[in-house]
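Novice: Per this note's numbering, the sequence shown starts with residue 580, numbered consecutively.
Even for Gly, the Cβ is constructed at its ideal location relative to N, Cα and C.
Take a look at the following structure, please.
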Amino acid sequence: MQRKNLLLILMCLLLFAGCTTFDEIQTGSTLSVENRLELLNGVYRLATPDVLEINVQDNPEIGTRATIAPDGNIFMPLLGNVYVEGLTLLEVRKRIHSELGRFLKDIPEESVSVQVLGFNSKKVYVYSYGGGSVQAVPFTGDLTVLDVIAQSGALTRKDNFKKIKVVRGTKDPTKNPQRLVLNLNDIIKNGRTEKNIVLRPNDVVYLPPTIFGMIGYKLKDFLFPVQPVQQIGSTVGGAQYNGLGFSGPQGSGGSMGSNY
């Protein structure tokens with residue numbers, strides 16, 4: 580009888596936990612195409628194992644697709660190894676153009692194009708209390724909180740839209756990580772896109788539960804204390820974030836999943 584009453588309470592709480600769905604934010608975007616290209620070309624720094632595509636106008640035999648090797652080089656026809664580790668796309672283009680100048684005269688820099696085919700070196704992470712899982716999203720240099728939430732599909736009606744947190748580590752390990760708070764309702768309901776947060780590599784986006792959501796999770800833990808083995812084992816992937824002040828619901832599971 581007691582379990583039936585608790586189950587009824589849980590169902591009522593879940594009905595009032597929220598009504599905004601993921602579909603409402605799928606089309607969210609805060610940066611123009613021009614701004615995104617500017618960020619990508621001027622900010623994103625390449626690293627292994629990013630994948631590049633390089634083309635030279637009127638010289639297709641020189642073009643190549645290459646993965647950045649552990650030593651920071653890519654291999655190009657005619658040029659051999661070209662070191663690109665830590666460079667932006669614009670800097671890579673300048674370097675390749677300079678190297679090509681030894682073999683091709685009067686070739687304009689604009690004839691060399693460089694783009695990233697695989698953003699593999701940097702990631703941001705999304706942690707949902709309710710899902711108990713951590714998802715890794717490739718970092719492209721122009722990702723925002725809204726972008727990552729839409730890509731991951733991690734947001735649920737039981738998450739607190741007004742207190743989405745971004746946890747950002749510091750280069751100094753003796754300092755506490757920076758915590759930024761975002762009211763998602765301001766963006767998706769009020770159009771305040773200027774409040775969206777542009778992410779950095781290794782940022783963690785934390786989706787906390789509402790009060791009703793928290794009660795629901797606790798009741799679920801009480802009513803169903805035994806979880807499948809695969810769920811219990813998968814919580815290890817999220818354990819590393821407890822040091823940031825997070826604690827997932829006991830017994831919940833998840834798995835790691837994943838441009839600048």
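When you compare only the Cα positions, how much space is there between Val635 and Val691?
Specialist: Mapped onto the sequence shown, residue 635 falls at position 56. Mapped onto the sequence shown, residue 691 falls at position 112. Rounded to whole angstroms, Val635 to Val691 spans 5 Å at the Cα level.
Novice: I'd like to confirm the pairing. Which residues does DSSP put opposite Val661 in its beta bridges?
Specialist: Counting from 1 along the sequence shown, the entry for residue 661 is found at position 82. DSSP lists Ile653 as partners of Val661.
Novice: Report yes or no: do three or more beta-carbon pairs, one from the segment 622 to 635 and one from the segment 688 to 703, lie closer than 8 Å?
Specialist: In short, these stretches touch, since the Cβ pair count reaches three.
Novice: Work out the CA separation of Glu670 and Thr735 for me, nearest whole Å.
Specialist: The residue you call residue 735 lines up with position 156 of the sequence shown. The residue you call residue 670 lines up with position 91 of the sequence shown. Their backbone Cα atoms lie some 41 Å apart in a straight line.
Novice: Can you tell which of Lys702, Val661, Val784 has the C-alpha that lies nearest to the C-alpha of Leu725?
Specialist: Counting from 1 along the sequence shown, the entry for residue 725 is found at position 146. With distances taken between Cα atoms, Leu725 lies closest to Val784.
Novice: Quick check on the DSSP output: what are the complete beta strand (DSSP E) runs of length 3 or more inside the segment 762 to 808, in order along the chain?
Specialist: 783 to 786, all fully within the segment 762 to 808.
Novice: Closest to Gln730 by CA distance: which of Phe718, Pro804, Pro628 is it?
Specialist: The residue labelled residue 730 in the question sits at position 151 within the sequence shown. The residue with the shortest Cα to Cα distance from Gln730 is Phe718.
Novice: Please return the same chain residues whose Cβ sits closer than 8 Å to the Cβ of Gly709, not counting the five positions on each side in sequence.
Specialist: The count along the sequence shown starts at 1 and reaches residue 709 at position 130. Around Gly709: Thr735, Lys737, Asp738, Leu786, Pro788, Gly792, Tyr796, Pro828, Ser831.
Novice: So is the beta-carbon of Ile766 under 7 Å away from any non-hydrogen atom of the ligand ZN?
Specialist: Summarising the ligand content, the structure contains no ligands, and the ligand ZN is consequently not present.
Novice: Report the rounded CA-to-CA distance for Leu658 versus Glu678, giving the unit in angstroms.
Specialist: Sequence index remark: in the sequence shown, residue 658 carries index 79 (1-based). Sequence index remark: in the sequence shown, residue 678 carries index 99 (1-based). Roughly 7 Å separates the two Cα atoms.
Novice: Beta-carbon separation of Arg747 and Leu763 under 8 Å?
Specialist: Translated into positions along the sequence shown, residue 747 becomes position 168. Translated into positions along the sequence shown, residue 763 becomes position 184. Contact flag unset, no.
Novice: Drop a sphere of 10 angstroms on the beta-carbon of Thr753, count the other beta-carbons inside from all chains shown, and report buried for 16 or more, exposed for fewer.
Specialist: In the sequence shown, counting from the first residue as 1, residue 753 sits at position 174. Exposed, by the Cβ-count rule.
Novice: Identify the continuous alpha helix (DSSP H) that holds Val693 and give its terminal residues.
Specialist: Locating residue 693 in the sequence shown gives position 114, where the first residue counts as 1. Val693 -> not in any alpha helix (DSSP H); beta strand (DSSP E) instead, spanning 691 to 697.
Novice: If you drop the 5 nearest sequence neighbours on each side, which residues of the same chain put their C-beta closer than 7 Å to that of Leu642?
Specialist: The residue you call residue 642 lines up with position 63 of the sequence shown. In the sequence as displayed, the identity of residue 642 is Gly instead of Leu. Within the same chain, Gly642 has close Cβ partners Ile633, Asn634, Val635.
Novice: Which ranges would you report for the beta strand (DSSP E) in the segment 727 to 751 if only whole runs of at least 3 residues count?
Specialist: Runs found: 743 to 747.
Novice: Quick check on Pro639: does DSSP put it in helix, strand or coil?
Specialist: What you label residue 639 is simply residue 60 of the sequence shown in a count that begins at 1. DSSP places Pro639 in helix when its eight states are reduced to three.
Novice: Just to confirm my understanding: we take Arg771, look at its own chain, exclude 5 residues before and 5 after, and list those with CB closer than 7 Å. What are they?
Specialist: What you label residue 771 is simply residue 192 of the sequence shown in a count that begins at 1. Excluding positions up to five away in sequence, the list reads Asp765.
Novice: Closest by CA to Ala715, which one among Ile776, Val663, Arg674, Asp782?
Specialist: Taking the first residue of the sequence shown as position 1, residue 715 is located at position 136. Answer by Cα proximity: Asp782.
Novice: Is it the case that the Cβ atoms of Leu761 and Lys750 are separated by a distance below 8 Å?
Specialist: Here residue 761 is taken as the residue at index 182 of the sequence shown, counted from 1. Here residue 750 is taken as the residue at index 171 of the sequence shown, counted from 1. For Leu761 and Lys750, no; Cβs fall outside 8 Å.
Novice: Where does the unbroken beta strand (DSSP E) through Ser712 begin, and where does it stop?
Specialist: The residue labelled residue 712 in the question sits at position 133 within the sequence shown. First-last of the beta strand (DSSP E) with Ser712: 712 to 717.
Novice: Buried or exposed for Gly665, going by 16 or more other Cβ atoms inside 10 Å?
Specialist: Within the sequence shown, residue 665 is the residue found at index 86, counting from 1. Result: exposed.
Novice: State the DSSP-derived secondary structure class of Thr609, mapped to helix, strand or coil.
Specialist: Within the sequence shown, residue 609 is the residue found at index 30, counting from 1. Bear in mind that the predicted position of Thr609 carries a pLDDT of just 40, short of 50, making it too unreliable to give a figure here.
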